[in-house]
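Position one of the sequence shown corresponds to residue 7 (this note's numbering), numbered consecutively onward.
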Amino acid sequence: MTRRKLAISCTDHAWERLQARARTQGKSASRYAVERALTAHPLPRTPAEGAEALVLSAEEQRVLAKTIDRIHAGLQEGGPTANALDQLSRRIRVLVTMAMEEWVRAGRGERLLAIAEEVLGEERMPAIREWIRGRERSLRT
Numbered sequence: 007m008t009r010r011k012l013a014i015s016c017t018d019h020a021w022e023r024l025q026a027r028a029r030t031q032g033k034s035a036s037r038y039a040v041e042r043a044l045t046a047h048p049l050p051r052t053p054a055e056g057a058e059a060l061v062l063s064a065e066e067q068r069v070l071a072k073t074i075d076r077i078h079a080g081l082q083e084g085g086p087t088a089n090a091l092d093q094l095s096r097r098i099r100v101l102v103t104m105a106m107e108e109w110v111r112a113g114r115g116e117r118l119l120a121i122a123e124e125v126l127g128e129e130r131m132p133a134i135r136e137w138i139r140g141r142e143r144s145l146r147t
């Protein structure tokens with residue numbers, strides 16, 4: 007039987023874990039790693055200690071659903087939630103407009119167009135190009 011060599015790279019922490027697991031099964035780290043790599047049906051994994059969950063628990067899902075329902079109801083009623091979102095939207099619009107105008111004043115209109123196209127897509131670009139060109143014209147006059 008021909009024996010082949012395989013080198014692997016891992017962190018010190020991973021190496022220590024591999025060796026510890028191999029010892030619990032009375033195997034060398036090499037033998038353990040090969041057997042694990044060739045296992046057709048790997049053992050179910052438990053999340054590592056301190057690992058962030060990739061799904062929400064049932065309780066977290068209920069809390070999220072209730073929160074979304076409250077926001078939706080607030081928007082439907084036109085109450086404080088809708089007013090707050092309208093105010094936030096207006097403030098964001100003002101800040102973005104000011105920043106874009108500063109870029110145009112600084113002669114960076116072409117860069118602004120490139121960023122806008124990347125973020126917003128080609129279909130929205132005619133209106134954005136016209137806005138930037140209008141700002142450039144108003145600065146010249």
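Virtual Cβ for every residue (Gly too), placed ideally from N, Cα, C.
* Assuming residue 90 and residue 81 make a contact with CB atoms under 8 angstroms, what is their CB distance in whole Å? -> Counted from its first residue, the sequence shown places residue 90 at position 84. Counted from its first residue, the sequence shown places residue 81 at position 75. 10 angstroms between Cβ atoms; not a contact.
* Rounded to a whole number of angstroms, what is the C-alpha to C-alpha distance between residue 132 and residue 73? -> Position 126 of the sequence shown holds residue 132. Position 67 of the sequence shown holds residue 73. Spanning the two alpha carbons is a distance of roughly 38 angstroms.
* In whole angstroms, what is the alpha-carbon distance linking residue 113 and residue 137? -> Stepping through the sequence shown from its first residue, residue 113 is reached at position 107. Stepping through the sequence shown from its first residue, residue 137 is reached at position 131. Taken atom to atom, the span from the alpha-carbon of residue 113 to that of residue 137 is near 15 angstroms.
* With DSSP run on the structure shown, which of helix, strand or coil describes residue 144? -> Translated into positions along the sequence shown, residue 144 becomes position 138. Three-state DSSP puts residue 144 in a helix.
* To do: With DSSP as the reference, label residue 12 as helix, strand or coil.
  => By one-based count along the sequence shown, residue 12 stands at place 6. Correct three-state label for residue 12: coil.
* Asked: How should residue 7 be labelled, buried or exposed, when 16 other C-beta atoms within 10 angstroms of its C-beta is the threshold for buried?
  -> Residue numbering aside, residue 7 sits at position 1 when the sequence shown is read from its first letter. Flag for residue 7 reads exposed.
* Return yes when the Cβ of residue 141 is within less than 8 angstroms of the Cβ of residue 107, no when it is not. => Position 101 of the sequence shown holds residue 107. Position 135 of the sequence shown holds residue 141. A contact, by the Cβ cut-off of 8 angstroms.
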